[in-house]
Amino acid sequence: MNRRKQIYEGKAKVLFQGPEPGTIVQYFKDDATAFNNKKKGTITGKGVLNNRISELLMTRLGEIGIPTHFIKRLNMREQLVREVEIIPLEVIVRNIAAGTLSQRLGIEEGTTLPRSIIEYCLKNDALGDPMVTEEHISCFGWATHQELDEIVNLTLRINDFLCGLFQGIGIRLVDFKIEFGRWYNGDDVRVVLADEISPDSCRLWDMKTNEKMDKDRFRRDLGKVEEAYQEVARRLGILPESGPGDMPGSKAMQ
Ligand code: TYD
Numbered sequence: 049m050n051r052r053k054q055i056y057e058g059k060a061k062v063l064f065q066g067p068e069p070g071t072i073v074q075y076f077k078d079d080a081t082a083f084n085n086k087k088k089g090t091i092t093g094k095g096v097l098n099n100r101i102s103e104l105l106m107t108r109l110g111e112i113g114i115p116t117h118f119i120k121r122l123n124m125r126e127q128l129v130r131e132v133e134i135i136p137l138e139v140i141v142r143n144i145a146a147g148t149l150s151q152r153l154g155i156e157e158g159t160t161l162p163r164s165i166i167e168y169c170l171k172n173d174a175l176g177d178p179m180v181t182e183e184h185i186s187c188f189g190w191a192t193h194q195e196l197d198e199i200v201n202l203t204l205r206i207n208d209f210l211c212g213l214f215q216g217i218g219i220r221l222v223d224f225k226i227e228f229g230r231w232y233n234g235d236d237v238r239v240v241l242a243d244e245i246s247p248d249s250c251r252l253w254d255m256k257t258n259e260k261m262d263k264d265r266f267r268r269d270l271g272k273v274e275e276a277y278q279e280v281a282r283r284l285g286i287l288p289e290s291g292p293g294d295m296p297g298s299k300a301m302q
């Protein structure tokens, strides 16, 4: 880890300069935060699982033509990605009412929404990631109209694809957060899916029991957090039936 120059340390990941210009190494930590950093903790093995889960989801999305920053996984906790300029928005997609939607609008948690909703929050920790509208986004130049159109198109495709993928393994994709970046490639600029997609940034409910299989177990002190992340990975087919102990190099889980 010390070989490379650290570019940025976030709540759940560290970014290092990649081996070639225009590349970055994403290192996944076990650290977990919630409620805008007010709650902090560690979920053992989370970084290893999120690295694998995000790799799988980004790869599958790439296969259906969604441009992503993902290049390849390097090891248990690191993946190589394209360097992009992050568009400072958290794009939230909701299929079922939960979390702040339920709190703000009094919609009972678990209500299936008649249509998927996209919300935007400005990525600004000091302001507590406030929700913003397309008007704010274009007025303040965080993204152009054209970029927002592209973001909406990609987001709806990502949502449809992921809903189906999770449904196939008995999981309801309640809501999730994604981020996009601008990839400068010669004279060309493309909006690409960036950051990660993992149980840190999704609400995933078991279809039979409605049990939560995501970071809400940490947020709400529900226990069995590690087990929930492992179960998602197991159902996605990236964890041996017998658990993470059987993964090559499993000491890195600690
Ligand atoms: P939301 O209900 O708005 O907020 P919270 O998670 O604080 O209750 O979250 C909707 C989804 O987006 C949920 O799956 C968590 C994810 N999300 C993040 O990953 N990071 C964020 O900063 C926010 C606001 C949401």
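Heads up, the sequence shown is in my numbering, so the first residue is 49 and it goes up one at a time. Every residue, glycine too, gets a C-beta built ideally from N, C-alpha and C.
The ligand TYD and D269: does the residue's C-beta get closer than 7 angstroms to at least one heavy atom of that ligand? no
Quiz prompt | Straight-line gap, G89 to L270 (C-alpha atoms, nearest Å) | solution = 14 angstroms
Between the alpha carbons of E103 and Q127, how many angstroms are there, rounded? 8 angstroms
Review point. What separation, rounded to the nearest whole angstrom, lies between the Cα atoms of N233 and D208?
Key: 28 angstroms
Original post:
Anyone know if the C-beta pair for S249 and K225 falls short of 8 angstroms?
Top reply: yes
Rounded separation between T71 and V62 - CA only
14 angstroms
Practice task
Taking the CB atoms as reference points, tell me whether S164 and R142 lie closer together than 8 angstroms.
Solution key: yes
### Message
Between I144 and D223, how many whole angstroms is the CB-CB distance? I'm expecting something under 8 angstroms.
### Response
7 angstroms
Nearest to A230 (by Cα), restricted to the options R220, L170, P136: Reading the sequence as shown, one finds Arg at residue 230 and not Ala. It is P136 whose Cα lies nearest to the Cα of R230.
- First and last residue of the alpha helix (DSSP H) that includes I206? 193–215
Original post:
How is L109 classed by DSSP in three states: helix, strand or coil?
Top reply: helix
Is S249 near the ligand TYD - that is, is its Cβ less than 7 angstroms away from at least one heavy atom of it? yes
Item to check | Near the ligand TYD: G158 beta-carbon under 7 angstroms from a heavy atom | outcome: no
Item checked: Exposure of T159, with buried meaning 16 or more beta-carbon neighbours within 10 Å -> exposed
Check your understanding: So, F266 versus A80, is the Cβ gap smaller than 8 angstroms?
Key -> yes
- Taking only runs that begin and end inside the stretch 85–163, name each unbroken alpha helix (DSSP H) of 4 or more residues, in chain order. 94–111, 147–153
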